[in-house]
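So the protein sequences, as listed, match chains A and B.
Taken in order, the first sequence gives residues 1 to 114; the numbers are from the numbering used here.
Taken in order, the second sequence gives residues 1001 to 1113; the numbers are from the numbering used here.
Glycine included, every Cβ here is placed at the ideal spot set by N, Cα and C.
Contents: one structure, followed by commentary.
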Amino acid sequence: DQQVKQNSPSLSVQEGRISILNCDYTNSMFDYFLWYKKYPAEGPTFLISISSIKDKNEDGRFTVFLNKSAKHLSLHIVPSQPGDSAVYFCAASVSPFGNEKLTFGTGTRLTIIP
Amino acid sequence: DSGVTQTPKHLITATGQRVTLRCSPRSGDLSVYWYQQSLDQGLQFLIQYYNGEERAKGNILERFSAQQFPDLHSELNLSSLELGDSALYFCASSGTENTGELFFGEGSRLTVL
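Below you can see the structure in the form of structure tokens.
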């Protein structure tokens, strides 16, 4: 049972435009959500997170939105840059600390077209 | 560079064999996590150790075991290997800051033939 779902395996976006990556979850006990970014031949790196008590968190070009009633979160990247081309994983945790037993989605490969 | 070191980077072995993957966490990090990423799958949580003690367990097979040593490095032992065990195995560590951020190594790619 996939508790965290990223239904779009891939996404292509023009440079300078907005990239929107989506993630759905089924477990209502999830308390903390994170996005990780992965380049080929590297491990995932943390990008941004959000606690379930918030509905938005922003860090530079990256904004994560959380809709608890819909069990949906999204990552917005604006403006998109070629270096943003990577695989993005959504992850969730039942721990308020967010670093225990993360449940990951299957990832979305984002390609930024120059 | 995340500061987490995993060895070996690549490993090819045969079914039925046993392998050991090694992980050195970031300096000062007490928690070590192991994740498995099979083809086209998300990262599956296997197990977490905190300062030498098992802290949490995920979908880790009985053929797999792990431990964290006094110097905080960790090893993941995979035995009686099957074709389906072929995957990327990631180690991650985290510090005492409760930010939710894990620092991942580059992974060990295991191929079972």
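Where residue i falls, given that 16 or more other Cβ within 10 Å makes a residue buried
i	result
residue 1085(B)	buried
residue 1025(B)	buried
residue 1068(B)	buried
residue 1029(B)	buried
residue 105(A)	buried
residue 1113(B)	exposed
residue 122(A)	A query on residue 122(A) cannot be resolved here, the shown segment of chain A reaching from 1 to 114 and no further.
residue 92(A)	buried
residue 1046(B)	buried
Residue i (DSSP reduced to helix, strand or coil)
i	result
residue 55(A)	coil
residue 1083(B)	helix
residue 98(A)	Interpretation of residue 98(A) is limited by its pLDDT of 48, a score under 50 that renders its predicted location unreliable; the figure taken from the coordinates is listed afterwards. Coil at residue 98(A), not helix or strand.
First through last residue of the beta strand (DSSP E) which encompasses residue i
i	result
residue 76(A)	72-77
residue 1077(B)	1074-1078
residue 22(A)	19-25
residue 67(A)	62-67
residue 1108(B)	1108-1112
residue 1031(B)	1031-1037
residue 1069(B)	Where residue 1069(B) is concerned, there is no enclosing beta strand (DSSP E), given that its DSSP letter is neither H nor E.
residue 1005(B)	1005-1007
Residue from the options with nearest C-alpha to residue i
i	options	result
residue 1065(B)	1059(B), 1032(B), 1072(B), 1076(B)	1076(B)
residue 5(A)	1015(B), 1013(B), 1027(B), 1043(B)	1043(B)
8 Å Cβ cutoff met for residue i and residue j
i	j	result
residue 110(A)	residue 11(A)	yes
residue 35(A)	residue 78(A)	no
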